[in-house]
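J.: Starting off with a structure, shown below.
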Amino acid sequence: MALLEVQNLKQHFTTKKGFMGEKTVIKAVDGVSLSIEEGKTLGVVGESGCGKSSLGRSILRLVEPTEGSVKFNGQEIVGMSPRGMKELRKEMQIVFQDPYASLNPRNTVRKILEAPLLIHGTGNKKERQERIESLAGKIGLRKEQLNNYPHEFSGGQRQRIGIARALMLNPKLIIADEPVSALDVSVQSQVLNLMLDLQQERNLSYMFISHDLSVVQHVSDKVAVMYLGKVVEIADVKKVYKDPLHPYTRALLSALPIPDPVRVRNRIILQGDLPSPANPPPGCPFHTRCPMATKECAEIVPPLEEKTTDHFAACIHT
Amino acid sequence: MLLEVNDLSLSLKRAGKYSKILDGISFQVAQGETLGIVGESGCGKSMTALSLMQLLPDKARLGGKVDLQGEQITSFSKRKLEKIRGNQMSMIFQDPLTSLNPLHTVGTQVEESLILHTKKSKQERRDRVLHLLRAVGLPRAEELIDEYPHQLSGGMRQRVMIAIAMACEPQLLICDEPTTALDVTVQAQILELMNDIKRQTKMGIIMITHDMGVVAEVCDRVIVMYAGKIVEEAPVIELFQNPKHPYTQGLLDSIPKLGERKKKLGSIPGTVPTPGNMPAGCRFADRCIHAMDICRSTLPPMINIQENHQTACWLYDEKEAKNDGSARSTELETALHN
Ligand SMILES: Nc1ncnc2c1ncn2[C@@H]1O[C@H](COP(=O)(O)OP(=O)(O)OP(=O)(O)O)[C@@H](O)[C@H]1O
Ligand SMILES: Nc1ncnc2c1ncn2[C@@H]1O[C@H](COP(=O)(O)OP(=O)(O)O)[C@@H](O)[C@H]1O
Ligand code: SF4
Ligand code: SF4
Ligand SMILES: [Mg+2]
Ligand SMILES: [Mg+2]
Chain A
1 MALLEVQNLK QHFTTKKGFM GEKTVIKAVD GVSLSIEEGK TLGVVGESGC GKSSLGRSIL
61 RLVEPTEGSV KFNGQEIVGM SPRGMKELRK EMQIVFQDPY ASLNPRNTVR KILEAPLLIH
121 GTGNKKERQE RIESLAGKIG LRKEQLNNYP HEFSGGQRQR IGIARALMLN PKLIIADEPV
181 SALDVSVQSQ VLNLMLDLQQ ERNLSYMFIS HDLSVVQHVS DKVAVMYLGK VVEIADVKKV
241 YKDPLHPYTR ALLSALPIPD PVRVRNRIIL QGDLPSPANP PPGCPFHTRC PMATKECAEI
301 VPPLEEKTTD HFAACIHT
Chain B
1 MLLEVNDLSL SLKRAGKYSK ILDGISFQVA QGETLGIVGE SGCGKSMTAL SLMQLLPDKA
61 RLGGKVDLQG EQITSFSKRK LEKIRGNQMS MIFQDPLTSL NPLHTVGTQV EESLILHTKK
121 SKQERRDRVL HLLRAVGLPR AEELIDEYPH QLSGGMRQRV MIAIAMACEP QLLICDEPTT
181 ALDVTVQAQI LELMNDIKRQ TKMGIIMITH DMGVVAEVCD RVIVMYAGKI VEEAPVIELF
241 QNPKHPYTQG LLDSIPKLGE RKKKLGSIPG TVPTPGNMPA GCRFADRCIH AMDICRSTLP
301 PMINIQENHQ TACWLYDEKE AKNDGSARST ELETALHN
């Protein structure tokens with residue numbers, strides 16, 4: 001049994017637009033199914049606005065999903081009571097993109113790390129301090145630095161503090177939403193190394209959300225590619241990167257600038273821009289930009305199907 | 001030489017006192033050449049670009065010499081500068097939304113520099129604007145000319161910015177992270193457009209980016225900046241295959257590469273020193289695994305590795321290399337073979 005099992009999850013936002021206040025529905029997540037095994041990483045990639053963050057948030061019920069099922073360790077959490085949810089929150093934590101905004105600037109790092117333990121009434125004072133100091137060591141902070149405030153740290157250090165906070169309650173699953181996107185590459189690599197070390201040591205599962213294809217490839221076991229609220233391809237990381245089946249995945253991979261000036265490039269240039277999620281095209285959501293599109297593509301919504309063993313794609317022509 | 005920058009320095013006032021943001025920046029750009037400027041955030045890439053354009057904050061102190069086509073533009077009056085900005089040299093900024101005027105139509109904004117710098121008639125200008133919009137790959141130019149920036153997507157806005165910058169066929173185009181705010185498939189479209197422009201014109205381009213992938217795609221030659229100084233300069237293939245400065249090496253080792261999974265990435269410990277707190281010697285010394293005594297006391301000079309390839313690092317100074325003991329020379333060996 002998978003640690004996390006998501007079935008047909010939907011997250012629709014209703015917004016009022018214009019002076020007349022016409023309502024529009026944005027289907028940020030539109031029928032996503034996926035699973036994450038214990039100790040493994042599922043990478044979620046896609047361009048901005050495709051629904052990655054909304055997916056992460058609705059799995060944790062930070063926003064209430066519109067429809068669908070999320071099972072953690074076999075237990076359904078959509079519709080679960082607040083008390084049950086509080087218990088489960090210990091097991092599932094989130095790390096955000098912005099290490100500046102996500103830490104309370106008025107608290108010391110010691111206080112920030114202690115907060116989750118206090119909320120859940122974990123351990124006595126001495127045990128809490130021991131746990132804080134041991135995790136601080138893990139993320140490369142000296143004991144005396146625990147009494148400093150977030151603004152006294154660099155971006156990379158702050159992101160590591162964010163990770164330590166997520167780990168305080170010994171979770172099994174961490175949803176990391178663009179955890180390294182705000183960081184420079186040399187610092188990004190420190191944080192990625194830390195996340196991989198911790199995973200090995202604690203058998204953690206990650207849902208690693210990022211728009212950066214090389215970072216996702218580096219950390220993931222499985223990868224889900226999203227386009228306009230839908231998963232269009234999902235498979236083992238090697239399959240997705242070596243033998244992508246969906247035309248969007250192929251275009252995305254070919255668009256990635258490769259840091260090697262002598263490599264020959266075979267680029268698929270997509271026409272046009274991402275359609276608005278408030279007004280997605282009918283049929284296959286990708287058909288307005290797909291180089292392989294035919295007439296049927298505008299009519300049929302392609303289901304996510306198993307094309308080869310454990311390799312799923314949503315396209316009627318592959 | 002199209003552009004010659006000599007010993008450029010810049011001090012800005014922060015918290016009541018001046019601190020040096022750029023120091024001893026020298027480089028050249030030839031006609032038809034694309035020079036990349038890379039480095040991590042805060043190293044001074046944008047400030048270098050703005051110094052060339054002389055679009056600096058109040059009370060900025062600019063030193064050194066900038067020659068554009070043999071004319072020393074650092075001694076130009078405001079009026080003379082306005083004549084060359086948008087005409088001989090123009091710039092594309094990172095964020096196309098904030099650099100376009102929300103109150104003016106696309107057409108008006110592209111036309112602006114044509115009014116300023118040419119004697120074209122109204123009809124001629126309209127034709128030129130339409131031509132430019134089509135040239136940068138924008139669809140339905142006739143309608144677009146009367147639309148406002150907020151009606152366009154991020155990629156389209158960046159195309160409009162490129163059209164504005166290209167309006168007077170400048171000799172030098174400075175691009176500050178032109179694709180950083182864009183999605184990867186849109187970035188690919190813009191990079192393709194930049195490469196087309198490169199092929200079709202003899203323009204010199206300065207491409208500022210923190211993305212080594214973008215550098216590899218579009219640049220001919222690269223300078224690497226660290227804490228307000230140039231630490232390495234080389235042709236693009238040489239830089240990727242034979243990086244010499246420990247900072248350049250660290251930067252390249254930190255990038256996750258396709259095909260290598262869950263391998264430990266290289267990283268650079270510590271953080272960049274802030275302006276006003278620069279160490280006396282090499283600015284990278286605090287983070288450098290090869291640092292020697294001399295690094296902490298004396299600024300390393302630019303040392304020639306081979307033709308067109310230079311780096312500011314004591315490891316490549318012959319006298320220093322000879323002077324140091326056996327322990328250090330093994331360190332040097334590893335560094336040289338990295
Ligand atoms: N609370 C909300 N109310 C209305 N619309 C929302 C809300 N949250 C997200 N959306 C919309 O849902 C869509 C998906 O948003 P989301 O932030 O999840 O995408 P993303 O892929 O993570 O994007 P990015 O990479 O830019 O962060 C977007 O169109 C966004 O504007
Ligand atoms: N208006 C300003 N006043 C004072 N310092 C500034 C100003 N703008 C930028 N700086 C400083 O100049 C340095 C270089 O900035 P910048 O050129 O923007 O870097 P980059 O573009 O490489 O990120 C940074 O330390 C930054 O904080
Ligand atoms: S279904 Fe048609 S439009 Fe959609 S990805 Fe496949 S070929 Fe392209
Ligand atoms: S000069 Fe010294 S400290 Fe600076 S990069 Fe070279 S070896 Fe390192
Ligand atoms: Mg997001
Ligand atoms: Mg900048």
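Protein chains in written order, with the working numbering: chain A, 1 to 318; chain B, 1 to 338.
Glycine is no exception: its CB is placed at the ideal position from the N, C-alpha and C atoms.
Counting only beta-carbon separations shorter than 9 Å, does P82 (chain A) have a partner in chain B?
T.: no
J.: Which whole-angstrom value describes the C-beta separation of T180 (chain B) and I145 (chain B), a residue pair presumed to lie in contact below a C-beta threshold of 8 Å?
T.: Actually they do not touch by this definition, with Cβ atoms about 27 Å apart.
J.: Is there a C-beta anywhere in chain B that falls below 9 Å from the one on D98 (chain A)?
T.: Chain B contact via Cβ: absent.
J.: Looking at chain A, is there any beta carbon in it that lies within less than 9 Å of the beta carbon of G32 (chain B)?
T.: no
J.: For a contact meaning CB atoms closer than 7 Å, what does A216 (chain B) contact in chain A?
T.: P257, I258, P259, D260 and P261
J.: Applying the criterion that 16 or more other CB atoms from any shown protein chain within 10 Å of the CB defines a buried residue, is I84 (chain B) buried or exposed?
T.: buried
J.: Step through the CB atoms of chain B and report whether any lies within less than 9 Å of the CB of H218 (chain A).
T.: yes
J.: Can you check the stretch 222-302 of chain B for any beta strand (DSSP E) of at least 3 residues that lies completely inside it and give the ranges in chain order?
T.: 229-235
J.: What does the Cβ neighbour count give for V70 (chain A), buried or exposed, with the cut at 16 atoms within 10 Å?
T.: buried
J.: Is any heavy atom of ligand 7 found at a distance shorter than 8 Å from the C-beta of M194 (chain B)?
T.: This structure simply doesn't include ligand 7; it includes ligand 1, ligand 2, ligand 3, ligand 4, ligand 5 and ligand 6 instead.
J.: Identify the contact partners of L103 (chain A) in chain B, using a Cβ-Cβ distance below 8 Å as the criterion.
T.: Correct list: empty, because the minimum Cβ distance to chain B is about 17 Å.
J.: With H211 (chain A) and V225 (chain A) assumed to form a contact (beta carbons below 8 Å), what rounded beta-carbon distance in angstroms separates them?
T.: Rounded, the Cβ-Cβ distance is 11 Å, inconsistent with contact.
J.: Under the criterion of a Cβ to heavy atom distance below 8 Å, does A175 (chain A) qualify as lining ligand 5?
T.: Here the sequence assigns Ile to residue 175 (chain A), which means Ala is not the residue at that position. No, the beta carbon of I175 (chain A) sits no closer than 8 Å to any heavy atom of ligand 5.
J.: Just the C-alpha distance for R128 (chain A) and E152 (chain A), rounded to the nearest angstrom, thanks.
T.: 23 Å
J.: Any idea if K239 (chain A) is buried or exposed, counting beta-carbon neighbours within 10 angstroms, 16 or more meaning buried?
T.: buried
J.: Using DSSP bridges, identify the partner residues of E4 (chain B).
T.: Partner(s): B:Q28 and B:D67.
J.: Which residues in the same chain as N104 (chain A) place their Cβ atom closer than 7 Å to its Cβ, once the five residues preceding and following it in sequence are excluded?
T.: I112
J.: Ignore the nearest five residues each way along the sequence and tell me which others in C297 (chain A)'s own chain have a CB closer than 7 Å to its CB.
T.: G283, C284, H287, C290 and I316
J.: Have a look at M156 (chain B) and P275 (chain A) and give me their C-alpha separation to the nearest angstrom.
T.: 13 Å
J.: At a threshold of 8 Å, does K45 (chain B) count as lining ligand 6 (C-beta to nearest heavy atom)?
T.: yes
J.: So with Cβ pairs under 9 Å, would you call Q187 (chain B) a contact of chain A?
T.: yes
J.: Which runs of the alpha helix (DSSP H) spanning at least 4 residues fall entirely within the stretch 101-134 of chain B, listed in chain order?
T.: 106-117
J.: Taking Cβ positions only, does V184 (chain B) come closer than 9 Å to chain A?
T.: yes
J.: Quick test of the definition: if touching needs 3 or more C-beta pairs under 8 Å, does the stretch 300-308 of chain B touch the stretch 40-60 of chain B?
T.: no
J.: So is L250 (chain A) in contact with chain B if we call contact Cβ pairs under 9 Å?
T.: The sequence shown places Arg at residue 250 (chain A), not Leu. Cβ-Cβ to chain B under 9 Å: no for R250 (chain A).
J.: What are the start and end residues of the alpha helix (DSSP H) that includes K198 (chain B)?
T.: V184 to Q200
J.: Note down, in chain order, every chain B residue with its Cβ under 8 Å from the Cβ of R267 (chain A).
T.: A188 and E192
J.: Residues in the stretch 240-270 of chain B with C-beta within 9 Å of chain A's C-beta atoms, listed in sequence order?
T.: For the stretch 240-270 of chain B, the set of residues with a beta-carbon nearer than 9 Å to any beta-carbon of chain A comprises F240, Q241, Y247, G250, L251, L252, D253, S254, I255, P256, K257, L258, G259, E260, R261, K262, K263, K264, L265, G266, S267, I268, P269 and G270, in chain order.
J.: If the cut is a Cβ gap below 9 Å, which residues of chain A does D196 (chain B) touch?
T.: Here the premise fails: no neighbours, minimum Cβ distance about 11 Å.
J.: Quick one: is G154 (chain B) near chain A, going by C-beta distance under 9 Å?
T.: yes
J.: Please tell me whether Q97 (chain A) and P179 (chain A) are closer than 9 Å, where the distance is taken between their beta carbons.
T.: Cβ distance < 9 Å, so Q97 (chain A) and P179 (chain A) count as in contact.
J.: Relative to the C-alpha of V219 (chain A), which candidate in B:L100, B:L265, B:R199 and B:P139 has its C-alpha closest?
T.: B:L265
J.: Please list, following the chain, all residues that have a C-beta closer than 5 Å to any non-hydrogen atom of ligand 4.
T.: Counting every residue whose Cβ lies closer than 5 Å to a heavy atom of ligand 4, we get B:P246, B:C282, B:F284, B:A285, B:C288, B:H290, B:A291, B:C295, B:P300, B:C313, B:W314 and B:L315.
J.: Would you grab the beta carbon distance between S19 (chain B) and P275 (chain B) for me? Rounded to a whole angstrom, and I think it's under 8 Å.
T.: 4 Å
J.: Could you pull the start and end residues of the beta strand (DSSP E) that Q93 (chain A) belongs to?
T.: Element bounds for Q93 (chain A): M92 to V95.
J.: Any C-beta of chain B within less than 8 Å: which residues of the stretch 178-191 of chain A qualify?
T.: D184, V185, S186, V187, Q188, S189 and Q190
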